[in-house]
Amino acid sequence: MSSFYRIQSTQQLQALQGQYPGINHPHYTVGPREGHGPYAQPKEPKPPKMPKAKPGPKAKPGPKAKPGPKPKKGKEGQGADGTQEKIDKTFKKVKKKRDRFKGMTEDEVMSRTLTDILDNNLDYVIIGINPGLVAAYVGRWFPGHGNHFWKCLFLSGFTDEQLNHMSDTSLPEKYKIGFTNMVARTTPGSKDLSTKELREGALILVEKLKKYKPLIAVFNGKCIYEMFCREMFGKKPKKLDFGLQPHKIPDCEVALYLMPSSSARCAQFPRAQDKVHFYIKLRELRDQLRGVARSDEIQELEYSFDLGLAKEDAKRMAIKEEAYDPGYEAALGGAYGEGGPGPEEGQSNGH
Numbered sequence: 001m002s003s004f005y006r007i008q009s010t011q012q013l014q015a016l017q018g019q020y021p022g023i024n025h026p027h028y029t030v031g032p033r034e035g036h037g038p039y040a041q042p043k044e045p046k047p048p049k050m051p052k053a054k055p056g057p058k059a060k061p062g063p064k065a066k067p068g069p070k071p072k073k074g075k076e077g078q079g080a081d082g083t084q085e086k087i088d089k090t091f092k093k094v095k096k097k098r099d100r101f102k103g104m105t106e107d108e109v110m111s112r113t114l115t116d117i118l119d120n121n122l123d124y125v126i127i128g129i130n131p132g133l134v135a136a137y138v139g140r141w142f143p144g145h146g147n148h149f150w151k152c153l154f155l156s157g158f159t160d161e162q163l164n165h166m167s168d169t170s171l172p173e174k175y176k177i178g179f180t181n182m183v184a185r186t187t188p189g190s191k192d193l194s195t196k197e198l199r200e201g202a203l204i205l206v207e208k209l210k211k212y213k214p215l216i217a218v219f220n221g222k223c224i225y226e227m228f229c230r231e232m233f234g235k236k237p238k239k240l241d242f243g244l245q246p247h248k249i250p251d252c253e254v255a256l257y258l259m260p261s262s263s264a265r266c267a268q269f270p271r272a273q274d275k276v277h278f279y280i281k282l283r284e285l286r287d288q289l290r291g292v293a294r295s296d297e298i299q300e301l302e303y304s305f306d307l308g309l310a311k312e313d314a315k316r317m318a319i320k321e322e323a324y325d326p327g328y329e330a331a332l333g334g335a336y337g338e339g340g341p342g343p344e345e346g347q348s349n350g351h
């Protein structure tokens, strides 16, 4: 490997030739030292150093800004800005609204009414406040599958078989039982009736009782009888006991009888068996008024009732068992199956 030397003078070349033979090799030339002489390249001057700027005084921190109000949470299914959130599995399932009246609106159902089932010389007329939506839609008395009326009739011996609302028109002839209401107008609940309607209804009811002259007018629930007394006698009774009432309608011999509401929502007597006693007493009153002697085979038992135990029993089994009657399903072709009409809340007559 050869080296390259730059010789600065002839004297230097001669000295090197004496020391190193072959110094005149073409790789050895005479010239100025690197960085000197005519071949030297001038170095670029370095830029002058800029003095560093002295840091100024530190600015004092200002007062911290108070945090603004937190963004309001949007409604379920909406973000804070009102936009629709993305629907995912975390959203609750929306319960599908039941078509209770097979396409009819509530207003259309409320335009219907319930026909009285009355005849002359009946033993009993069962009296309610006014028709509920289900009764008006079906056109039958006590159609709610949670209502205890038909079961109580059977358990107390009024009927020799378990009937349902489809048998309502057969009761006057076969069992001397009829039906009517204080007010004819259909509403979702009795609270929707005006004072004027109740006052006029009480007068119309009295006229019906005078016309058909049943032996006993049976008020199906305390609420109905209190309304009747308030409109008929000007005040509510201070104390109400179930059974034969001391009040008398002027110029009318009809006995007034109060029994617990047949509705399954009756908190005082939540089961059918809790109400049967009052149906039995109603039959005994009929026999007494008709002058029928009691059979010696019938033994009077003392009746006791524990509301707490009855409610616990009802929660366990009674109401669940009585909530569905196959007779309703067969009578209406499935109208009282799953999704069909149920008992109306707020109307103690179970209509």
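Numbering (the UniProt record's numbering), first residue to last: 1 to 351. For glycine and all other residues, C-beta sits at the position ideal for the given N, C-alpha and C.
Beta-carbon proximity list for Pro143, same chain, < 6 Å, skipping 5 on both sides = As a working mapping, residue 143 is identified with position 143 in the sequence shown. Result list for Pro143: Val134, Ala135, His165, in chain order.
Could you please give the first and the last residue of the uninterrupted alpha helix (DSSP H) stretch that includes Ile224?
-> As a working mapping, residue 224 is identified with position 224 in the sequence shown. Unbroken alpha helix (DSSP H) run through Ile224: 222–233.
Counting pairs of Cβ atoms below 8 Å between the stretch 119–126 and the stretch 202–221, do you hit three or more?
-> Segments in contact, yes.
Are Glu226 and Ala202 touching if we call contact CB-CB under 8 Å?
-> To locate residue 226, count along the sequence shown from 1; it is residue 226. To locate residue 202, count along the sequence shown from 1; it is residue 202. No, they are not a contact pair.
Burial state of Met50, where buried means 16 or more other Cβ atoms lie within 10 Å | Position 50 of the sequence shown, counted from the first residue, corresponds to residue 50. Taking a 10 Å sphere around the C-beta of Met50, we find fewer than 16 other C-beta atoms and assign the residue as exposed.
Taking only the alpha-carbon atoms, compute the straight-line gap between Lys211 and Leu285 and give it to the nearest angstrom.
-> The residue given as residue 211 occupies position 211 in the sequence shown. The residue given as residue 285 occupies position 285 in the sequence shown. Each residue's alpha carbon lies about 22 Å from the other.
Residue of Glu253, Asn181, Leu289, Arg283 minimising C-alpha distance to Ile126 = In the sequence shown, the residue the question calls residue 126 occupies position 126. In terms of Cα proximity to Ile126, the closest of Glu253, Asn181, Leu289, Arg283 is Asn181.
Tell me where the alpha helix (DSSP H) around Thr195 begins and ends.
-> Stepping through the sequence shown from its first residue, residue 195 is reached at position 195. Thr195 -> alpha helix (DSSP H) spans 195–212.
Do three or more CB pairs link the stretch 261–273 to the stretch 98–106 at distances below 8 Å?
-> no
Exposed or buried, what is Arg290 when buried is set at 16 or more other beta-carbons lying within 10 Å of its beta-carbon?
-> For this step, residue 290 is matched to residue 290 along the sequence shown. It is exposed - the Cβ of Arg290 has fewer than 16 other Cβ atoms within 10 Å.
Measure how close the beta-carbons of Met259 and Thr186 come, nearest whole angstrom, since I'm counting them as under 8 Å.
-> Start at 1 with the first residue of the sequence shown, and residue 259 comes out as number 259. Start at 1 with the first residue of the sequence shown, and residue 186 comes out as number 186. About 23 Å; that fails the 8 Å criterion.
Roughly how far, in whole angstroms, is the beta-carbon of Asn220 from the beta-carbon of Gly146, given that I think they are within contact range, below 8 Å?
-> Locating residue 220 in the sequence shown gives position 220, where the first residue counts as 1. Locating residue 146 in the sequence shown gives position 146, where the first residue counts as 1. Not quite, the Cβ-Cβ distance comes to about 15 Å (not below 8 Å), so this is no contact.
For Ile280, the first and last residue of its enclosing alpha helix (DSSP H) = Counting from one through the sequence shown, the residue named residue 280 turns up at place 280. Segment 272–290, the alpha helix (DSSP H) holding Ile280.
Locate the alpha helix (DSSP H) running through Val109, then write down its first and last residues.
-> What you label residue 109 is simply residue 109 of the sequence shown in a count that begins at 1. Here the alpha helix (DSSP H) through Val109 covers 106–110.
CA-CA distance, Gly157 and Leu282?
-> As a working mapping, residue 157 is identified with position 157 in the sequence shown. As a working mapping, residue 282 is identified with position 282 in the sequence shown. Gly157 and Leu282: Cα-Cα distance of roughly 11 Å.
Inter-residue spacing [alpha-carbon to alpha-carbon] between Gln245 and Cys152 = Locating residue 245 in the sequence shown gives position 245, where the first residue counts as 1. Locating residue 152 in the sequence shown gives position 152, where the first residue counts as 1. When rounded, the distance between both Cα atoms is 21 Å.
Distance, Lys196 Cα to Asn130 Cα | Counting from one through the sequence shown, the residue named residue 130 turns up at place 130. Counting from one through the sequence shown, the residue named residue 196 turns up at place 196. Rounded to the nearest angstrom, the two C-alpha atoms are 14 Å apart.
Determine, using beta carbons only, whether Arg199 and Asp168 come nearer to each other than 8 Å.
-> For the purposes of this step, residue 199 is taken as residue 199 along the sequence shown, with counting starting at 1. For the purposes of this step, residue 168 is taken as residue 168 along the sequence shown, with counting starting at 1. No, Cβ-Cβ distance for Arg199 and Asp168 is not below 8 Å.
Residue burial classification, Asp274 (beta-carbon count within 10 angstroms, cutoff 16) = Counting from one through the sequence shown, the residue named residue 274 turns up at place 274. By the 10 Å Cβ count, Asp274 comes out buried.
Of the residues Tyr137, Ile117, Gln162, Tyr279, the one placed nearest Pro172, counting alpha carbons only = Taking the first residue of the sequence shown as 1, we reach residue 172 at position 172. Considering only alpha carbons, the answer is Ile117.
Near residue 361, what residues of its chain come up, given a Cβ to Cβ distance below 6 Å and the 5 sequence neighbours on each side ignored?
-> The chain is shown only over 1 to 351; residue 361 falls outside these bounds and no answer can be derived.
Cα-Cα separation between Trp150 and Lys238, rounded to whole angstroms = Position 150 of the sequence shown, counting from 1, holds the residue named residue 150. Position 238 of the sequence shown, counting from 1, holds the residue named residue 238. Taking the straight line joining both Cα atoms gives about 31 Å.
Outcome for Gly243 when other beta-carbon atoms lying within 10 angstroms are tallied against a minimum of 16 | One-based indexing of the sequence shown puts residue 243 at position 243. Exposed, by the Cβ-count rule.
Over what stretch of residues does the beta strand (DSSP E) that includes Ala255 continue unbroken?
-> In the sequence shown, counting from the first residue as 1, residue 255 sits at position 255. That run of the beta strand (DSSP E) goes 255–259.
Pro184 - DSSP class collapsed to helix/strand/coil | Your numbering for residue 184 matches position 184 in the sequence shown. Before going further, note that residue 184 is Ala rather than Pro in the sequence given. Ala184: coil per DSSP, three-state reduction.
Which residues in the same chain as Leu163 place their Cβ atom closer than 6 Å to its Cβ, once the five residues preceding and following it in sequence are excluded?
-> Counted from its first residue, the sequence shown places residue 163 at position 163. These residues qualify, in order along the chain: Trp150.
Is Ala264 helix, strand or coil by DSSP?
-> Translated into positions along the sequence shown, residue 264 becomes position 264. Coil at Ala264, not helix or strand.
Run through DSSP, which three-state label would Phe219 get?
-> Position 219 of the sequence shown holds residue 219. If DSSP states are grouped into helix, strand and coil, Phe219 belongs with the strands.
Chain-order list of residues whose beta-carbon lies under 6 Å from that of Ala184 (same chain, five-residue window excluded) | Start at 1 with the first residue of the sequence shown, and residue 184 comes out as number 184. Excluding positions up to five away in sequence, the list reads Thr113.
Lys248 to Arg100 span [Cα, whole Å] = Against the sequence shown, residue 248 aligns to sequence position 248. Against the sequence shown, residue 100 aligns to sequence position 100. Using only the alpha carbons, I get a separation of about 41 Å.
Would you kindly work out how many angstroms separate the C-alpha atoms of Leu209 and Pro270, rounded to a whole number?
-> Along the sequence shown, one-based indexing puts residue 209 at 209. Along the sequence shown, one-based indexing puts residue 270 at 270. Roughly 30 Å between the two C-alpha positions.
Same chain, Cβ closer than 8 Å to Cys223, five either side skipped, listed in chain order | Stepping through the sequence shown from its first residue, residue 223 is reached at position 223. Excluding positions up to five away in sequence, the list reads Ile129, Ser190, Ser261, Ser348.
Could you give the residue range of the alpha helix (DSSP H) that holds Lys151?
-> Walking along the sequence shown from the start, residue 151 turns up at place 151. Note, Lys151: alpha helix (DSSP H), 149–155.
Exposure of Gly234, with buried meaning 16 or more beta-carbon neighbours within 10 Å | One-based indexing of the sequence shown puts residue 234 at position 234. Gly234 comes out exposed.
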